[in-house]
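Colleague: Let me begin by handing over the structure; questions about it come next.
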Amino acid sequence: MKRQFKLSLTAFAIAQCLSLASAQAQETVQEQQATTTNNAQKVKPKDTDKQQNIEVLTVQGFGATLQRSLQNKKLADSTVEVISVDDIGQLPDVTITDALARLPGIAAERDRGNASTISIRGLGERLNLATMNGREIVSGEPSRSVRFEQFPAELINSVEVYKSPLASNIEGGIAGLVNMNFVNPLDKDKRQVNVSGHVMDYPMADDIPTADSKGYRTSFSYVDPIADNFGVAFGVAYQDQPSIQRDVTSWSYNKLTAEQGDVNGDGITEAAPWGAQTATKGGTNKRLGAMTVLQWLPTDRLQLKYDLFYSKFDIKEREDQMWFDGWGNWEGGSNWGYQNSSHPTQIVTKADGSEQITAGGVKLWRGDDSSPISANNSTWFQKNELVSTGLNAEWQGDDWTVVADVGYSEASIKSRWVNISSLFWNDSLGTPGIDVGWDATGDKLGITTDYALDNSSDYGLNYLQVDNDRILKDDMINARLDFSRMVEWGIIDKVSFGGRWADREKDNDVVSWKQTNPSAANVNSSFYGLGSGYNVPVMYTINNWSEVVDSAFGGIDSRNDHAKLTSDYLDNWNVQETNKALYVMFDLRGELGRIPYTGNIGVRYVRTNSTSSGFDQVPNTGTVTPVSFDHDYDEILPALNLRFSVTEDSQVRLGLSRAMSRPPLVEMRSGLGLNKSSTVNSASSGNPNLNPFIANQADLGYEYYFAEDAAFTVQLFFKDLKKHIGESTSTITVDGEQYQLNAPVNGDGGQIRGFEVLYQQAFSMLPEPFDGLGVYANYSYTNSNVKEFQPVDNPLPLAGLSKNVGNLTLWYYKAGVDAKVSYNYRSEYTRVGSWDPTEIYTIGSEATVDASISYQLTDNFKVMLQGQNLTNEASTSYFDNDPSRPRGYVEWGRRYLLGFQFNM
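Start counting the sequence shown at 6; every next residue gets the next number (this note's numbering).
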């Protein structure tokens, strides 16, 4: 099924929203002035009754956001964390991920230095769900995970993170459901306009010749209740952010005993990395975000609301990489090279008696079309687009409330890595070879050579490679219908029921190729160091990269000029999925003894049908054959949430539920690949017959609100993960031959348990000027016996699980000064690759410090200064659940933002 709605309509849709706002405003003012005031009051959702009991917030700045969020958390129907602001554009963060990462039990993973995806209560991105205005949104990732940095904080009015599910909420988030909301224009009593602008500075760019240290971001928002029964909101945010990175990375280890060598001759073979690379990135990351909301009350019983969100990323990064190959000692072929290097080989014996090389050197020679050292100068091109739009209608009768909602979401990514590979060699090295030393015993990998790599004449163009020229599309149509009414059935005071239907399709189309036999070209090259603290050779860069691409290789070929390789067909897949759900839920109100309580109990029934299409490799050939698989499953998901008002200031929460998370779409792909080039025949594939993650879970919490802006809360949680999904190794027989298959499977789960503690307070009782101080602190501990299925002999912990996660934010607001300093910490955790789920490794613990200060010059104008990653925290990682096998050391540097905000 190929739908006709395309992203090319987005600009038209935004324009229509703006024009429609003006036209509708004129019509509604003329036709319905007589009844608008009463209509607006009648049609607002009944939850506003609760909101009317909240006192008006008098705190300003960051403290106001915390206080408003705390009041919403207190009155919530389930265990939920809330971010809420009075006015759009008031969140003091670059993306919504920065704000989410401060919440209890939530930790962010960084990409390009930006907080991107999140883990909730130790469960990674595969087990959480994202919605916008209550509708599920699709993703430009091959899985289902959403990168939250695509949502500008300036355009989001509130966020709820549901940690215990409601039967009425969309299923799919065992870890939690993150719902982002736009502003409702009719909730405002007057027009609001907000304009902001910032300039950025990235000091680390001074060390990278391909990088630019300067960037900027700007935003504009307009919210207008044009009439009592019609309002419009519009916002746009643009960011031109430098993309800067430097790293040193080991390649994976030679782990098969049959493929290892025995350097020290003791009869025990040694594991060693296949090689390593040093690298830098310098480029731009441009992001455009826009939203619009139209809210109309055509009668005293009907509300219509249309919303649209559009996001676009345009990333272009120049990358310089130096590749050092030949360390793996395939079947002992480099025993002599290790034994005759000037760098002594350091070998450690592991607990299981195996051996591993942790430092040493190897003498290497050039082949006919290869070299142990090569320079790879590339450009990464990536464009992402996301549209999420929908229409919501709410009708309130004398007894029944009916809500109908229809939505559409589409995401796409077009990306490719274009690399110029240049071989390094000097004829004087022909007899002795080049001696390459490496040392993995420090905090980062060290690399040395006995011959300098800083002579341009030693490099020769080899080929141009276009790797994974990708077009990925993901689209979803969804609709839901909900009915509710107030009743007097004993402890039941409201009944709700409804259903949801969603149809989703994700398609991945990939082609790769090489352009060889380069023509003579003028290569303007130069050298630079990776930076202080790195013990590695110089970096080689091509200053006129685009000119070399054109003159030496005739430009970058079109993807249509190249037939797909077998590996391309195996990476081309399509998954279609239809989800249907029905639910019934009862709101509860009563007393247990003398303790009043409120809550809800309900059940949700879910059925999923999927079709996975792709290609399988024909044994002993380079050809493929198309395949398609159908699969279905259903689940019953009960949920109970209770809130006991122990005293006026304290309450106890209880939640019991069964939850599910659907398999990542990339792991549902078909496509069996076969490889007989190794000592062991190997195979890889997806699994179209995967069933979802399933968990039974319980929450128990105590919340003490000892002031309007102060609270201490403790939350205990337990999840019994009945079904888990992970990469596993098994043996299959294909055409009479055995293969070792790596594929995702449903396997045993286990238990996840932990607690969260939150302390929040404004110290308004202190004498001036200290009465502007406040603190927001939280800590969560998570423990689990759930393991991934790799490595077989030492399985990694559950993906995304950090045992310790904490945030400490000190803030101050007084006399127009609004300042805060935030410390975020997460302990090490397992990462499962989004694009390649077989890529499983550990990311080390991280502690980052951010700070900001602003000053309100007038009632409408303030200036701001922000600093992020002030301690220049690097990201470290290692292989095989073994810290002695370092993977990477990556730096993104500090960043500073200076800006202003104007509102009226």
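All residues carry an ideal CB built from backbone N, CA and C; glycine is no exception.
Closer than 6 angstroms by C-beta to Asn397: which residues in its own chain qualify, once you throw out the five before and the five after it? Chain order, please.
Modeller: Numbered from its first residue, the sequence shown carries residue 397 at position 392. Within the same chain, Asn397 has close Cβ partners Lys310, Asp410.
Colleague: Identify, in the order they occur along the chain, each residue of the same chain with its Cβ nearer than 8 angstroms to the Cβ of Thr136, setting aside the five sequence neighbours on each side.
Modeller: In the sequence shown, residue 136 corresponds to position 131, counting from 1. Closer than 8 angstroms at the Cβ level, and outside the excluded window around Thr136, lie Ile142, Ile175, Leu182, Val183, Asn184, Met185.
Colleague: Measuring only the C-alpha atoms, how far is Lys260 from Ala276?
Modeller: Mapped onto the sequence shown, residue 260 falls at position 255. Mapped onto the sequence shown, residue 276 falls at position 271. When rounded, the distance between both Cα atoms is 6 angstroms.
Colleague: Taking all protein chains shown into account, do 16 or more other C-beta atoms lie within 10 angstroms of the C-beta of Trp816, making it buried, or fewer, making it exposed?
Modeller: In the sequence shown, counting from the first residue as 1, residue 816 sits at position 811. Result: buried.
Colleague: Could you tell me the boundaries of the alpha helix (DSSP H) in which Ile101 lies?
Modeller: Locating residue 101 in the sequence shown gives position 96, where the first residue counts as 1. Unbroken alpha helix (DSSP H) run through Ile101: 101 to 105.
Colleague: Thinking C-beta only, is Leu535 closer than 9 angstroms to Ser255?
Modeller: What you label residue 255 is simply residue 250 of the sequence shown in a count that begins at 1. What you label residue 535 is simply residue 530 of the sequence shown in a count that begins at 1. Not closer than 9 angstroms, so no.
Colleague: What's the call for Ala281, buried or exposed, on a 16-neighbour Cβ count within 10 Å?
Modeller: For the purposes of this step, residue 281 is taken as residue 276 along the sequence shown, with counting starting at 1. Classification of Ala281: buried, given that the 10 Å Cβ count is 16 or more.
Colleague: To the nearest whole angstrom, what separates the beta carbons of Asn874 and Arg899, a pair I think is in contact under 8 angstroms?
Modeller: Sequence index remark: in the sequence shown, residue 874 carries index 869 (1-based). Sequence index remark: in the sequence shown, residue 899 carries index 894 (1-based). Confirmed, Cβ separation roughly 5 angstroms.
Colleague: With burial defined as no fewer than 16 other Cβ atoms inside 10 Å of the residue's Cβ, what is the status of Glu596: buried or exposed?
Modeller: Within the sequence shown, the letter at position 591 stands for residue 596. Classification for Glu596: exposed.
Colleague: Would you call the CB atoms of Arg505 and Ala526 closer than 9 angstroms?
Modeller: Within the sequence shown, numbered from 1, the residue matching residue 505 stands at position 500. Within the sequence shown, numbered from 1, the residue matching residue 526 stands at position 521. No, these two residues do not count as a Cβ contact at 9 angstroms.
Colleague: Drop a sphere of 10 angstroms on the beta-carbon of Met491, count the other beta-carbons inside from all chains shown, and report buried for 16 or more, exposed for fewer.
Modeller: By one-based count along the sequence shown, residue 491 stands at place 486. The residue is exposed, with fewer than 16 neighbouring Cβ atoms inside 10 Å.
Colleague: If Ser414 sits next to Arg140, beta carbons under 8 angstroms apart, how far is it from one beta carbon to the other, in whole angstroms?
Modeller: For the purposes of this step, residue 414 is taken as residue 409 along the sequence shown, with counting starting at 1. For the purposes of this step, residue 140 is taken as residue 135 along the sequence shown, with counting starting at 1. Indeed, because the Cβ distance is near 7 angstroms, the residues count as touching under 8 angstroms.
Colleague: Would you grab the beta carbon distance between Gly985 and Ser666 for me? Rounded to a whole angstrom, and I think it's under 8 angstroms.
Modeller: Nothing about residue 985 can be reported from this structure: the residues present for the chain run from 6 to 909 only.
Colleague: State the DSSP-derived secondary structure class of Leu862, mapped to helix, strand or coil.
Modeller: If you number the sequence shown from 1, residue 862 lands on position 857. Correct three-state label for Leu862: coil.
Colleague: In terms of alpha-carbon separation, which member of Tyr574, Ser690, Glu672 lies closest to Thr628?
Modeller: Indexing the sequence shown from 1 puts residue 628 at position 623. For the residues Tyr574, Ser690, Glu672, the minimum Cα distance to Thr628 belongs to Tyr574.
Colleague: Along the chain, where does the beta strand (DSSP E) that runs through Trp518 open and close?
Modeller: Taking the first residue of the sequence shown as 1, we reach residue 518 at position 513. Where Trp518 is concerned, the enclosing beta strand (DSSP E) stretches over 497 to 520.
Colleague: Would the beta-carbon of Phe717 fall within 9 angstroms of that of Gln765?
Modeller: As a position in the sequence shown, residue 717 is number 712, starting the count at 1. As a position in the sequence shown, residue 765 is number 760, starting the count at 1. For Phe717 and Gln765, yes; Cβs fall inside 9 angstroms.
Colleague: Quick one: give me the first and last residue of the beta strand (DSSP E) that Gln702 is part of.
Modeller: Along the sequence shown, read from residue 1 onward, the residue named residue 702 stands at position 697. Run containing Gln702: 698 to 712, per the beta strand (DSSP E) assignment.
Colleague: How about Phe329 and Trp443: do their beta carbons lie closer than 9 angstroms?
Modeller: Along the sequence shown, read from residue 1 onward, the residue named residue 329 stands at position 324. Along the sequence shown, read from residue 1 onward, the residue named residue 443 stands at position 438. Yes, these two residues count as a Cβ contact at 9 angstroms.
Colleague: Taking 8 angstroms as the cut-off, does the stretch 67 to 77 touch the stretch 706 to 720 (at least 3 CB pairs, one atom from each stretch)?
Modeller: A contact exists between the stretch 706 to 720 and the stretch 67 to 77.
Colleague: Can you list the beta strand (DSSP E) stretches of 3 or more residues lying completely in the stretch 821 to 908, in chain order?
Modeller: Complete beta strand (DSSP E) runs here, min 3: 822 to 831, 834 to 837, 845 to 848, 851 to 861, 866 to 873, 880 to 883, 891 to 896, 900 to 908.
Colleague: Per DSSP, Leu299 is paired with what?
Modeller: Looking up residue 299 in the sequence shown gives position 294. Per DSSP, Val237, Tyr311.
Colleague: If you run the structure through DSSP and keep just helix, strand and coil, what is Phe775?
Modeller: If you number the sequence shown from 1, residue 775 lands on position 770. Here Phe775 sits in helix by DSSP.
Colleague: Looking only at its own chain, which residues have a Cβ that is under 7 angstroms from the Cβ of Ala364, when we skip the five neighbours before and after it?
Modeller: Within the sequence shown, the letter at position 359 stands for residue 364. Only Gln351, Trp443, Asp444, Ala445, Thr446 meet the Cβ criterion.
Colleague: Closest to Ser461 by CA distance: which of Asp448, Phe532, Gly412, Pro523 is it?
Modeller: Position 456 of the sequence shown, counting from 1, holds the residue named residue 461. If we check each option's Cα against that of Ser461, Phe532 comes out closest.
Colleague: Could you name the residues of the same chain whose beta carbon sits closer than 8 angstroms to that of Val780, not counting the 5 residues immediately before and after it, in chain order?
Modeller: In the sequence shown, counting from the first residue as 1, residue 780 sits at position 775. Same-chain partners within the cutoff: Tyr764, Gln765, Gln766, Phe768, Leu813, Thr814, Leu815, Trp816.
Colleague: Helix, strand or coil: how does DSSP classify Asp474 here?
Modeller: If you number the sequence shown from 1, residue 474 lands on position 469. Note: Asp474 maps to strand in three-state DSSP.
Colleague: For the beta strand (DSSP E) holding Thr223, just list the boundary residues, first then last.
Modeller: Within the sequence shown, numbered from 1, the residue matching residue 223 stands at position 218. Residues 219 to 232.
Colleague: Can you name, in chain order, every residue of its own chain whose Cβ lies under 8 angstroms from the Cβ of Phe760, other than the five neighbours on each side?
Modeller: For the purposes of this step, residue 760 is taken as residue 755 along the sequence shown, with counting starting at 1. Answer for Phe760: Val719, Gln720, Leu721, Phe722, Ser785, Tyr786, listed in chain order.
Colleague: With 16 other CB atoms within 10 Å as the buried threshold, where does Leu1 fall?
Modeller: Any question about residue 1 goes unanswered here, given that the chain covers just 6 to 909.
Colleague: Could you tell me the distance, in whole angstroms, from the CA atom of Ala688 to the CA atom of Asn680?
Modeller: Within the sequence shown, the letter at position 683 stands for residue 688. Within the sequence shown, the letter at position 675 stands for residue 680. Going by the C-alpha atoms only, they are around 6 angstroms apart.
Colleague: State the DSSP-derived secondary structure class of Arg485, mapped to helix, strand or coil.
Modeller: Within the sequence shown, the letter at position 480 stands for residue 485. Three-state DSSP puts Arg485 in a strand.
Colleague: Roughly how far, in whole angstroms, is the beta-carbon of Ser524 from the beta-carbon of Ala557, given that I think they are within contact range, below 8 angstroms?
Modeller: Locating residue 524 in the sequence shown gives position 519, counting from the first residue. Locating residue 557 in the sequence shown gives position 552, counting from the first residue. That pair is a contact at about 5 angstroms.
Colleague: Tell whether a beta-carbon distance below 9 angstroms holds between Val128 and Ile757.
Modeller: As a position in the sequence shown, residue 128 is number 123, starting the count at 1. As a position in the sequence shown, residue 757 is number 752, starting the count at 1. The displayed chain sequence assigns Leu, not Val, to residue 128. Yes, they are a contact pair.
Colleague: Using 8 angstroms as the cut-off, can you tell me whether the stretch 331 to 342 makes contact with the stretch 297 to 305, which would need three or more C-beta pairs spanning the two stretches below that distance?
Modeller: Flag = no, the stretch 331 to 342 and the stretch 297 to 305 do not touch.
Colleague: Specify, as a first and last residue, the run of the beta strand (DSSP E) that Thr262 falls within.
Modeller: Here residue 262 refers to the residue found at position 257 when the sequence shown is read from its first residue. That residue, Thr262, is in no beta strand (DSSP E); it is neither H nor E in DSSP.
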